[in-house]
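K.L.:
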Amino acid sequence: TSANGVYAVWEAVERLGADARLFGCARLAAVGPGTAEALAARGLRADLVPDRFTTRGLADALLATGPPARALLPRADIATPTLTEALTAGGWTVTEVEAYRTVTVGALPDGVRARLDAGGIDVIAFASSSTVRNLVDLLGGPPDPRIRVASIGPVTSATCRDLGLRIDAEADPSDLDGLVQAVVTAGRAPAAGALP
Numbered sequence: 047t048s049a050n051g052v053y054a055v056w057e058a059v060e061r062l063g064a065d066a067r068l069f070g071c072a073r074l075a076a077v078g079p080g081t082a083e084a085l086a087a088r089g090l091r092a093d094l095v096p097d098r099f100t101t102r103g104l105a106d107a108l109l110a111t112g113p114p115a116r117a118l119l120p121r122a123d124i125a126t127p128t129l130t131e132a133l134t135a136g137g138w139t140v141t142e143v144e145a146y147r148t149v150t151v152g153a154l155p156d157g158v159r160a161r162l163d164a165g166g167i168d169v170i171a172f173a174s175s176s177t178v179r180n181l182v183d184l185l186g187g188p189p190d191p192r193i194r195v196a197s198i199g200p201v202t203s204a205t206c207r208d209l210g211l212r213i214d215a216e217a218d219p220s221d222l223d224g225l226v227q228a229v230v231t232a233g234r235a236p237a238a239g240a241l242p
């Protein structure tokens, strides 16, 4: 369900001394183009990439492929249950594997807090809900509301709102190219107050 999942599974495949043939006739699905590119770099083609690059979009696309099937979901330790629950409700047999762990940094890099406080950052780009939660935890609350916020998609935007952040732009499509465009859009949006 992410490029990180592809990297982690591929490392395990290599530790086994295997290669892409290990996947045999398994059909591969990718949540978006970044994940599909990570597969392609390893000689694997994504058979399915949903129109909406979210776990819900992936679930809907998989459920539309035909009768229930079996799915292996290599995921992060903090992945939401959305995909598993949707597939299970659709009659699928799902096996989840914790393929990698998301680790929170202990502190912001030198100077970042000072730049945030001094108005030296115009836009914050969030590529996942965990990045929102982590930054809010590191700051001890939401960043200055005058700093504009760009989000990679609806799930991350919902997390931002839940934690008291205003969304100035949301990526469409929900991928890194879309996030870059959202940053540009957010950068052009009027701030909630003039930065010093």
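Take any residue in the sequence shown, count from 1 to its spot, add 46: that is its number in this note's numbering.
A virtual CB, placed ideally from N, CA and C, is assigned to each residue, including glycine.
Note that the coordinates shown come from a computational prediction; the quantities given were computed from them, not determined experimentally.
1) Where do the N-terminal and C-terminal ends of the beta strand (DSSP E) with A145 fall, by residue?
2) Do the stretch 212 to 219 and the stretch 229 to 238 meet, that is, are 3 or more Cβ pairs less than 8 angstroms apart?
3) With a threshold of 7 angstroms on Cβ separation, who are the neighbours of L129 within its own chain once the five nearest residues in sequence on each side are excluded?
4) Round the Cβ separation of L109 and G136 to the nearest angstrom and send it over; I've been treating them as touching at under 8 angstroms.
5) Compute the distance between the beta-carbons of A92 and A84, then report whether it is under 7 angstroms.
6) Which value, in whole angstroms, describes the spacing of the CA atoms of P181 and V226?
7) Can you find the residues in the same chain that come closer than 6 angstroms, C-beta to C-beta, to V59, ignoring five residues on each side of it along the sequence?
8) Between C206 and V169, is the Cβ-Cβ spacing less than 7 angstroms?
P.N.:
According to the structure shown:
1) T139 to Y146 is the extent of the beta strand (DSSP E) around A145.
2) With the cut-off at 8 angstroms, the stretch 212 to 219 and the stretch 229 to 238 touch.
3) Contacts found: T47, T101, L104, A105 and L119.
4) Contact holds; Cβ gap of about 5 angstroms.
5) No. Outside cutoff.
6) Residue identity check: residue 181 is Leu in the sequence provided, not Pro. Between L181 and V226, the C-alpha separation is close to 19 angstroms.
7) Closer than 6 angstroms at Cβ, skipping near neighbours: L68.
8) Their beta carbons are not under 7 angstroms apart, which means C206 does not touch V169 by this criterion.
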